[in-house]
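Enquirer: FYI, in the numbering used here the residues of the sequence shown are 394 to 555. Glycine included, each C-beta is placed from N, C-alpha and C at the ideal position. Please find one structure pasted underneath; my questions will follow.
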Amino acid sequence: MLVGEALADVPVGAVLRPTRSDWSPTTHEGRALDLSAGADWLERCSAQGHLPVGSAAITDPGGLACEFVIHLAVCSRDEPVGSRSVSDALRNALRRATEWDVRVLTTPVLGTGPGALEPSTACGLMRPLLSTWVEGLQGRTVRVAVAADAEREAARSAWGAG
């Protein structure tokens, strides 16, 4: 696992995008990703309808430098972000990545933000799932994009990355 800072501009197989069940972004970084992908892209995504919390859906990348975007429904208007929703959504996203033969993923620290999970909790949930996915097939790589110092510290602690 590599810890880096950019989410939208890295050429990878897929970018993981945490979202609400209505496809809206959960963080400022998610909003920036949406702007990079293009307004028509987000309209096409949300036209697919409601995403159940804990689910994942794969779409084209719009204007992003990746092959796919995998959207993880980590919360809804009625259901806040929680450990279970993040774990379920990540597990489903990794299934989608496997189905589409994605070898390189970039992900933010999932489920963080005001009123959500602490970065250390989120990284603790993500680490075993991502490690198992990477070990499942030679050539798989995950890059964790961090948005804040607390996320960087938590990711480095979880993965021992520099």
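(1) Classify residue 486: buried if its beta carbon has 16 or more other beta carbons within 10 angstroms, exposed otherwise.
(2) Specify the secondary structure class of residue 470 as computed by DSSP and reduced to three states.
(3) In angstroms, rounded to a whole number, what distance separates the CA positions of residue 416 and residue 474?
(4) Is residue 534 helix, strand or coil by DSSP?
(5) Measure the C-alpha to C-alpha separation of residue 520 and residue 468 and round it to an integer number of angstroms.
(6) From the DSSP secondary-structure annotation, give me the bridge partner or partners of residue 523.
(7) Drop a sphere of 10 angstroms on the beta-carbon of residue 422, count the other beta-carbons inside from all chains shown, and report buried for 16 or more, exposed for fewer.
(8) Suppose contacts are defined by Cβ-Cβ distances below 8 angstroms. Is residue 505 in contact with residue 490 by that definition?
(9) For my contact list, residue 412 and residue 444 are in at a C-beta cut-off of 8 angstroms; report their separation, rounded to the angstrom.
(10) Could you give the distance in angstroms between the alpha-carbon of residue 440 and the alpha-carbon of residue 433?
(11) Can you round the beta-carbon distance between residue 499 and residue 536 to whole angstroms, since I take them to be within the 8 angstroms contact cut?
(12) How about residue 430 and residue 406: do their beta carbons lie closer than 8 angstroms?
(13) May I ask you to report which of helix, strand or coil DSSP gives residue 423?
(14) So, is residue 503 buried or exposed, given that buried needs 16 or more other C-beta atoms within 10 angstroms?
(15) State the DSSP-derived secondary structure class of residue 444, mapped to helix, strand or coil.
Expert: Taking the definition as stated:
(1) buried
(2) Three-state DSSP puts residue 470 in coil, outside helix and strand.
(3) 14 angstroms
(4) Per DSSP, reduced to three states, the secondary structure at residue 534 is strand.
(5) CA-CA distance, residue 520 to residue 468, rounds to 20 angstroms.
(6) Its beta-bridge partners do not exist; DSSP assigns none.
(7) By the 10 Å Cβ count, residue 422 comes out buried.
(8) no
(9) 7 angstroms
(10) 10 angstroms
(11) 5 angstroms
(12) no
(13) Looking at residue 423 - three-state DSSP - the assignment turns out to be helix.
(14) buried
(15) coil
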